[in-house]
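Each protein sequence line maps, in turn, to chains A and B.
One gets my numbering by counting positions in the first sequence from 1 and adding 3 to each.
One gets my numbering by counting positions in the second sequence from 1 and adding 1 to each.
Reading through the structure tokens given below for one structure.
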Amino acid sequence: MTSRQQRAQAEVGKNPSLRELQTWMVERLQHDRDLAKTDDFVAESERVLTGNDGLLPVETLEIYREQYWLRHTGALLDDFPGLSGILGQKDWERLVQGYLGAHSPGSFTLRDLGAALPGHIEQATYLPHHSLCVDMARLEWAYVDVFDALDTTRSLDADRLGAMTEADWETAQVMFAPAATLLKTRFSVAPLRRQLKRSAAIVDDGGKAPDVPLPKRQNAYMLLYRDRQRNLNYAEQSRGAFALLGHLMNGDALVPACGLAGKDVPSEAKDIPGKVGDWFAHWGKLGVIVDVVGR
Amino acid sequence: MENTKRIVPDLGVGMGLRVPHYAHILEHNPEMAFFEAISENFLVDGGKPLYHLDRISEKYPLILHGVSLNIGGADELNEDYLKRLKELVRRVKPAWISDHFCWCGVGGAHLHDLLPLPFTEEVVSLVAERAHRIQDYLEVPFALENTSSYLDYRHNTMTEWQFVSEVVERAQVGLMFDVNNVYVSAYNHGFDAFDFVRSVPHERIFQIHMAGHTNRGTHIIDTHGGAPIDPVLDLYRTTVELSGAVSTLLEWDDEIPGYDTVASEVVRISQIRDDALRRRAGKSESQRMATAKALSLIPERAGVTLDGHGWVQGGPRESAGADHGVSA
Ligand SMILES: [Fe+2]
């Protein structure tokens, strides 16, 4: 950091107000280098803090700065094991430093820390395997949302479903579990994430996890959901099934949704009506469809 | 809510509720006086965290302990946070709830740390007014915890124990007395831990925290790793002798061992508490004060170092990344 940038930052006097003090401290704690190595920080800490027998004032502040970075890096690592697995230590650290520098944590919960990471990665074109990283970050953030989405008390009634007439399906709305979402990616990142997590759990004596081959480009259409034990899971869908799910989740009734899905995927259009029964059974079994309500 | 002295029950000696122990607790229903959960980990819409919390609160007394309130921040209190917290309080029905004497951020930033407050009249007024208001809003007895700290402000105008005592008296809230934090701060700032223990309003102590820490020689980091060390247990004995039967909780957040290891430390603390309560019963108030003075403790500086890594109060969150379902 240049001295001009430092001067633009908050200054603090001997008797600061609470806001002045806290503004000054937040800026210092979010600084990305050891504070004790910059003369200005040493001098201003001297004005505000006492230090103790073993530590200079700036060194007592540095304890908190170090913890700030370790805590937030750790929280992102928890939520993005696939992304960190693709990048490896050095690129991961660079990414996280840039991210936290651009997106100061503001939520009361660390759970929200990665909310802007997928967007940030889109811009971080310097990253190796950039497109793959974009997809992985989108998947992992979607998982964060699915993980603690609202539970549902509804359950699908097979008898009522069986009694539905063709006319009912023209208007009935399919209700989905809140912990279910769709994600289309350019790489098959869900199986890759699973492999990377498994690999990270097998670290050899040298601290190295076994290499996981990265996938080639191939579109993936995924339904992300929580299973009945509340574990995260994914189910790959055909393009037709994925398109139909998208329209149903938008609130379209089954019959019009089939028509719209056919338009989205003309190559599968004629097969969709014949497959809908199996698809419904599959989604119901996963706990993704929780009700069908007449309108 | 009116003047809150010790209006909360004595629950005995309990354990901080931590993710690695969920399976053991739910499968074996071990005997435990009470658990304390970190509120923020359950301020979510649904899924595993709330499922586990509900199952455990069906079987055990459960207390909520927060880390994100930011009561001493210069920004206004976060209303959305308080609203969610109130919903959680209604769900769990804890006998009391607590957070910390600290600030967490300003200008919209939240650093997820328990940053030390300046001990000044300005801050006493701010924190006391807010604490009183929060207790009324949450409709549950509310306590604030003394934190451990690594830095000290030149413009402090009072000691930490004067600050803490003044706030809880003025706000009419409880004191969550963390004995390990007293030891850590005494070591880091060179004061006598027993002065702190002797000087707080004992009848306002709702709960005591016990924990381990990491001594780096020049300073102690409050990692909540390991069992409480003997000098902290000595401080605890004196605290109980002065305060009586106060619910006590062991926090263990770093390199969390198996349930049984933590539970055996809970038993040890429980025995110390019983012993201190027996001694209290056999002593007059003046004798107790004399003992506290005689036991006056100056922490030894011993060098043990640990690899640097960020610790988070409450240990790991139950998160999407750590989801134990093998599928994702
Ligand atoms: Fe504590």
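We put the beta carbon where it would ideally sit given N, CA and C, even for glycine.
Within the segment 100-121 of chain A, the residues whose Cβ lies closer than 7 Å to some Cβ of chain B are 107, 108, 109, 110, 111, 112, 113 and 114, listed in chain order. An exposed status is given to residue 205(A), since fewer than 16 other beta-carbon atoms sit within 10 Å of its beta-carbon. Taking 3 residues as the shortest admissible run, the segment 232-290 of chain B contains the following complete beta strand (DSSP E) segments, listed from N- to C-terminal end: 248-252. In the DSSP assignment, residue 176(A) forms a beta bridge with 296(A).
Residues whose Cβ lies closer than 5 Å to any heavy atom of ligand 1, listed in chain order: 179(B) and 210(B). For residue 188(A), the enclosing beta strand (DSSP E) starts and ends at 183-188.
As far as DSSP is concerned, residue 57(B) takes part in no beta bridge. Contacts with chain A (Cβ-Cβ distance below 7 Å) from the segment 31-53 of chain B involve 41, 44, 45, 46, 47, 48, 49, 50 and 52, listed in chain order. Residues 82 of the same chain have their beta carbon placed closer than 6 Å to that of residue 147(A), with the five preceding and five following residues left out of the count. Among the residues of chain A, those whose CB is under 7 Å from the CB of residue 82(B) are 111, following chain order. In terms of Cβ geometry, residue 195(B) and residue 239(B) form a close pair [threshold 8 Å].
When DSSP states are grouped into helix, strand and coil, residue 177(B) belongs to the strand group. In this model, residue 159(B) and residue 266(B) are separated by some 35 Å (Cα to Cα).
C-alpha of residue 260(A) to C-alpha of residue 168(A): approximately 16 Å in a straight line. Sixteen is the threshold: since fewer than 16 other Cβ atoms of the shown chains lie within 10 Å of the Cβ of residue 8(B), the residue is exposed. With respect to residue 198(A), residue 224(A) sits apart: the two C-beta atoms are not nearer than 8 Å. Using a CB distance below 7 Å, the part of the segment 180-202 of chain B facing chain A consists of 189, 190 and 191, ordered along the chain. Considered as a whole, the segment 134-163 of chain B harbours 143-146 as its complete beta strand (DSSP E) runs of no fewer than 3 residues, in chain order. The beta carbon of residue 318(B) falls within 8 Å of a beta carbon belonging to chain A, placing the residue at that interface.
At least one CB of chain B lies nearer than 8 Å to the CB of residue 150(A). Taking a 10 Å sphere around the C-beta of residue 296(A), we find fewer than 16 other C-beta atoms and assign the residue as exposed. For the pair residue 221(B) and residue 210(B), the CB atoms are not nearer than the 8 Å cut-off.
Around the beta carbon of residue 138(A), 16 or more other beta carbons lie within 10 angstroms, which makes this residue buried. The distance from the Cβ of residue 232(B) to that of residue 184(B) is about 6 Å, consistent with a contact at the 8 Å cut-off. In the three-state scheme derived from DSSP, where H, G and I count as helix and E and B as strand, residue 118(A) is classed as coil. The beta carbon of residue 95(A) sits closer than 7 Å to the beta carbons of 87 from its chain, once the five residues preceding and following it are set aside; these are given in chain order.
In this structure, DSSP gives residue 129(A) a state outside helix and strand, which the three-state scheme calls coil.
Taking every protein chain shown into account, the CB of residue 66(B) has 16 or more other CB atoms within 10 angstroms, so this residue is buried.
Our two residues, residue 173(B) and residue 133(B), have alpha carbons roughly 7 Å apart in a direct line. Taking a contact to require three or more Cβ pairs closer than 8 Å, the segment 103-116 of chain B and the segment 101-110 of chain A qualify as touching. The residues 273, in chain order, have a CB closer than 7 Å to that of residue 234(B) in the same chain once the five nearest residues on each side in sequence are set aside. The straight-line gap separating the alpha-carbon atoms of residue 132(A) and residue 219(A) is approximately 11 Å.
Between residue 141(A) and residue 276(A), the alpha-carbon positions lie close to 31 Å from each other.
Interface with chain A (8 Å Cβ-Cβ cutoff): residue 110(B) is included.
For residue 253(B), the closest Cβ of chain A is not nearer than 8 Å.
Note that the C-beta distance between residue 244(B) and residue 13(B) is not below 8 Å.
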